[in-house]
Amino acid sequence: MTKDTTAPEDLLGLDHDREARFDSPAAVADALAAHRYLADESIASVVYLADRLIKPVLVEGPAGTGKTQLGKTVAEALGARLIRLQCYEGLDESKALYEWNYRKQLLRIQAGRGTDDAQVDWHELEGDIFSDEFLLTRPLLEAIRSTEPTVLLIDEVDRVEVETEALLLEILSEYQVSIPELGTLTATQLPMVFLTSNNTRELSEALKRRCLYLHIGYPDIERERAIVLSRVPGVSTALATRIAEVVRSLRELDLRKAPSVSETLDWARTLVVLGRTEIGDEDVADTLHVLLKYQSDIDKAAKELLGARR
Amino acid sequence: MLELLSDFVGELRAAGIPVSTTEHLDAARALVAVDLLDRQVVKACLAATMVKDDAHYPAFDTAFEIYFSTVSRAAALEAMGEDDDAADAAAAEGTGGRGPRGQGGGASSEVDAEALAAMLLKALMDRDHASLAEGARLAVSRYAGIEPGRPVGGTYYLYRTLRNLDLDALHAKLREMAVTEGGLAPGSLAERLAHDAASGRVEKLKRAVEAEIRRRLVEDRGAVALARSVRKPLPEDLDVMHATRDELAALHRALVPLSRKMAVRLARKRRKGHRGALDLRRTVRHSMSTGGVPITPIFKPPRPAKPEIFVIADVSGSVASFARFTLLLVHAISSQFRKVRTFVFVDGLDEATRFFENAKDPTEAVNRINTEADVIWIDGHSDYGRALTLFDERYAQDVTRRTSVLVLGDARNNYHASQAWVLEDLRHRARAVYWLNPEPQGYWNSGDSIISAYAPFCDRVVECRTLRQLEAFVGTLA
């Protein structure tokens, strides 16, 4: 840490000497918007903070609201490499962190045996087979060792068991990985880390404490309209407005699965492909299945929204 | 500023949001890193660093609105510079900034009722936030009749203002204007959308009025005092038996994610722990890559038996909402049980399993129980003794060693006979008998509550007043 840092940096208590990636929350919003991701104020603020405080971001919210997309877009906007770890039940350290390539190690040992001086110094051999050459890096280690700027996306972290979560803690708070045979590997550059969760279980306090928390809910009507306009080519402003209105009304209903942003976009694309410039009652009735995924929801929505007709 | 922040953290903790010291520090660091003059950014920062559960957002929002309500630009700077009492500074700034038109009763003569209504209508139509806020300010001055110094949370003021504004008429007018303007056919999609749009706008007005009332109360009594009056328990800590309609709705919303989480947790708990038998085929197949040496043995996934649940629920008026939630939760995670059978009673007893069988939505089934189940025998007052006897006659033979029996009720027996022998008998037949009582433990055995007569024959008698307690209990079942 250099001594001539400005006062706020000292107050932040940061011991990493580095340049800020973004100047302000507004700059984040602009950068993301340039890559067609419309961030609201809280998204932009949290991404900005994540950069300033060097903390991972835990993103929660309903499916299809752009949690994973946020990580991807930040990577794009920074021109950084995206390293993605998809979590699943049963994920372990050999899939997430690193693994020794034991087949190659076996080969190395056997290759040594063939020659005359078969009894080479075991210590030399041991040092040899536990070296970088025989180390298979998995996403987490990869993100730490990478020399270029990196965004690490840990997707659906709620799918791993509570015990496996502990694997993440060291890397999330210290940006380092300890390997018994090699010692501690510290990050050469600090990756931005995003974790997403669909909230199928309560994450541990230890994990939550290390992260900034961001909840991405359904957007309000103006933002949804803007999202449709920016992501669906060929959609007219009037159509986008109407789409956002219908979706808003649908979310007010008590449905098993409310339409998400990604479903709104699918619907908008469908309507554009069908060549509609406005939405009549029939269009809604015919295309509701794009928005809603349960027959009971479709029936209910048709009855509520188009009630008098049918 | 730091003092204001620690007061705020204190308030969050008092409201039930767990904020650790590290998180407090993070929040302070975050505030250094951002522009304090941007209220939304400050709010996002505080939320990101200290609130780690979206169910806690409403409580956070309320606290934030109170603690940072009138802190205008100047006041924020001032509070940063010196350790002034932040609320005082804020209050002073707030009144100064809003020009000569004061607050309180004096303002009531400024605008007459129709002009105010017209102004609000126009503001809503044009989505003009500034004039909406101004309208809300005038409305509160005119109708709320705020009495300085009264230790209240403002619900009554809100009610008074909204009643005078006549939101229903406003809503109808908004919709009508949209319909006539666009020439929309009645019953069409467009008309429905106009209706929803009107609802959204009226909701905005409501919130503007609420914010205005809150702001004035903060000016009057200071943030700390007001926060104490408006503090509400988190949804999971609400007392189910005495919840208001809004609180019940909140509980309902909390129930869905809760049951999903529980199902996942229980399924995992069952699969974990002990492994099944060795899977020879896969072990040998796997050993190929290590030259035929079976380095990693592979086991078959274990398939332990699922428990069977019999729920016997009192659905009389006093405990109906509790029975409702418990039934919803148990059925929402019914895939974790081999079988769930439901019996409901007041002074008669009826099996309600059939309502759940074909229902896509457990809520619908619970509603049908309330209207269709045959549970009233004579007078519709709970009679635990008779209900238990009936259960013993009709269904007791179905109870086996795999069955857990759940009795839901407050054991207020209206001075009928207890017939506790039925439970004793059930306990011999079943794996376990549990009694869930929605009353606070202090009230047990007072008046006509005879829980102590049943308690000796239950494996556990559990106080179950909140969703949190209910969740903890159901977690131990599977």
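From first to last, the protein sequence lines stand for chains A and B. Residue numbers are given in the numbering used here: position 139 of the first sequence equals residue 139, and the series is strictly consecutive. Each number in the numbering used here comes from the position in the second sequence (counting from 1) with 1000 added on. Note that beta-carbon positions come from the ideal geometry of N, C-alpha and C, so glycine has one too. Computed from a predicted structure; not experimentally measured.
Helix, strand or coil, according to DSSP, for residue i in the structure here?
i, result
"A:Leu140", "helix"
"B:Ser1141", "helix"
"B:Asp1084", "Reliability fails at B:Asp1084, whose pLDDT of 38 lies under 50, so the model's placement of it is uncertain and the value that follows must be treated cautiously. Here B:Asp1084 sits in coil by DSSP."
"B:Trp1444", "coil"
"B:Ile1312", "strand"
"A:Met192", "strand"
"A:Lys55", "coil"
"A:Ile298", "helix"
"A:Ser197", "strand"
"B:His1331", "helix"
"B:Gly1292", "coil"
"B:Gln1419", "coil"
"B:Ala1014", "helix"
"B:His1381", "coil"
"B:Gly1475", "helix"
"A:Tyr88", "coil"
"A:Arg248", "helix"
"B:Ala1245", "The amino acid at residue 1245 of chain B is misidentified as Ala; the sequence shows Arg. Residue state, collapsed to three classes: helix."
"B:Val1041", "helix"
"B:Leu1483", "The structure shown does not extend to residue 1483 of chain B, since chain B is modelled only from 1001 through 1478, so no value can be given for it."
"A:Thr277", "coil"
"B:Phe1299", "strand"
"A:Ile179", "strand"
"B:Gly1097", "Confidence at B:Gly1097 is low in this model, with a pLDDT of 36, below 50, so the placement of that residue should be treated as unreliable; the coordinate-derived value is given next. Here B:Gly1097 sits in helix by DSSP."
"B:Val1019", "coil"
Hey, out of the options, whose CA is closest to residue i's CA?
i, options, result
"A:Pro219", "A:Ile83, A:Leu38, A:Glu19", "A:Leu38"
"B:Asp1038", "A:Ala44, A:His35, A:Asn101, A:Arg36", "A:Ala44"
"B:Gly1442", "B:Val1041, B:Cys1464, B:Ala1113, B:Glu1351", "B:Cys1464"
"A:Ala180", "A:Thr237, A:Gln189, A:Gly127", "Note on identity: in this sequence residue 180 of chain A is Pro, with Ala being the wrong assignment. Taking only the C-alpha atoms, the option nearest A:Pro180 is A:Gly127."
"B:Leu1477", "B:Val1179, B:Gly1010, B:Gln1336", "B:Gln1336"
"A:Leu85", "A:Val151, A:Val228, A:Asp40", "A:Val151"
"B:Arg1401", "B:Ala1313, B:Asp1220, B:Lys1306, B:Ile1376", "B:Lys1306"
"B:Asp1166", "B:Leu1408, B:Ala1113, B:Leu1349", "B:Ala1113"
"B:Leu1388", "B:Glu1439, B:Leu1426, B:Arg1163, B:Thr1403", "B:Leu1426"
"B:Met1241", "B:Gly1317, B:Lys1204, B:Asp1196", "B:Gly1317"
"B:Val1256", "B:Thr1326, B:Ala1198, B:Ala1267, B:Ile1213", "B:Thr1326"
"A:Ala63", "A:Glu156, A:Val57, A:Thr277", "A:Glu156"
Against residue i, what residues of chain A qualify as contacts under a CB-to-CB distance less than 9 angstroms, listed in chain order?
i, result
"B:Ala1197", "Ile221, Glu245, Arg248, Ser249"
"B:Val1051", "Tyr213, His215"
Please compile the residues from chain A whose C-beta is within a distance smaller than 8 angstroms of the C-beta of residue i.
i, result
"B:Glu1023", "Arg209"
"B:Arg1245", "Going along chain A, no residue has its Cβ under 8 angstroms from B:Arg1245, so there is no contact; the nearest lies around 15 angstroms."
So residue i contacts chain B; which residues on that side make the cut at Cβ distance below 7 angstroms?
i, result
"A:Arg52", "Ala1033"
"A:Arg201", "Lys1261, Val1264, Arg1265"
"A:Glu263", "Here the premise fails: no neighbours, minimum Cβ distance about 18 angstroms."
"A:Val284", "Leu1189"
Assuming residue i contacts residue j under a Cβ cut-off of 8 angstroms, what Cβ separation, rounded to an integer in Å, is found between them?
i, j, result
"B:Leu1251", "B:Pro1235", "6 angstroms"
"A:Leu255", "A:Leu292", "7 angstroms"
"B:Pro1362", "B:Leu1328", "5 angstroms"
"B:Phe1356", "B:His1331", "6 angstroms"
"B:Val1375", "B:Leu1349", "7 angstroms"
Determine which residues share a DSSP beta bridge with residue i and list them.
i, result
"B:Thr1462", "According to the sequence provided, residue 1462 of chain B is Val. The question's Thr does not apply to it. Per DSSP, B:Leu1436."
"B:Lys1339", "B:Glu1308"
"A:Tyr213", "A:Leu58"
"A:Glu99", "A:Leu136"
"B:Glu1351", "B:Phe1343"
"A:Asp155", "A:Gln86"
"B:Ser1449", "B:Arg1412"
"A:Asp186", "What sits at residue 186 of chain A in the sequence shown is Thr, not Asp. Per DSSP, A:Gln176."
For residue i, verify whether its CB is less than 6 angstroms away from any heavy atom of the ligand COA.
i, result
"B:Ala1130", "Ligands in the displayed structure: none, and consequently the ligand COA is not present."
Could you work out which residues of chain A lie near residue i, taking near to mean beta carbons separated by less than 7 angstroms?
i, result
"B:Ser1020", "Arg209"
"B:Gln1040", "Glu41"
"B:Pro1257", "Asn199"
"B:Ala1044", "Glu41, Ser42, Ser45, Val46"
"B:Arg1192", "Ser249, Leu305"
"B:Tyr1395", "Near B:Tyr1395 there are no residues of chain A at all, since even the closest Cβ is about 31 angstroms away, more than 7 angstroms."
"B:Asp1054", "Glu60, His215"
Taking C-beta pairs closer than 9 angstroms, name the residues in chain B that residue i reaches, listed in chain order.
i, result
"A:Val160", "None at all; the shortest Cβ gap to chain B is about 11 angstroms."
"A:Val59", "Chain B residues near A:Val59: none, gap ~11 angstroms exceeds 9 angstroms."
Taking Cβ-Cβ distances shorter than 8 angstroms, what residues in chain B pair up with residue i?
i, result
"A:Pro191", "What A:Pro191 touches in chain B: nothing, since even the nearest Cβ is about 19 angstroms away."
"A:Leu195", "Chain B residues near A:Leu195: none, gap ~12 angstroms exceeds 8 angstroms."
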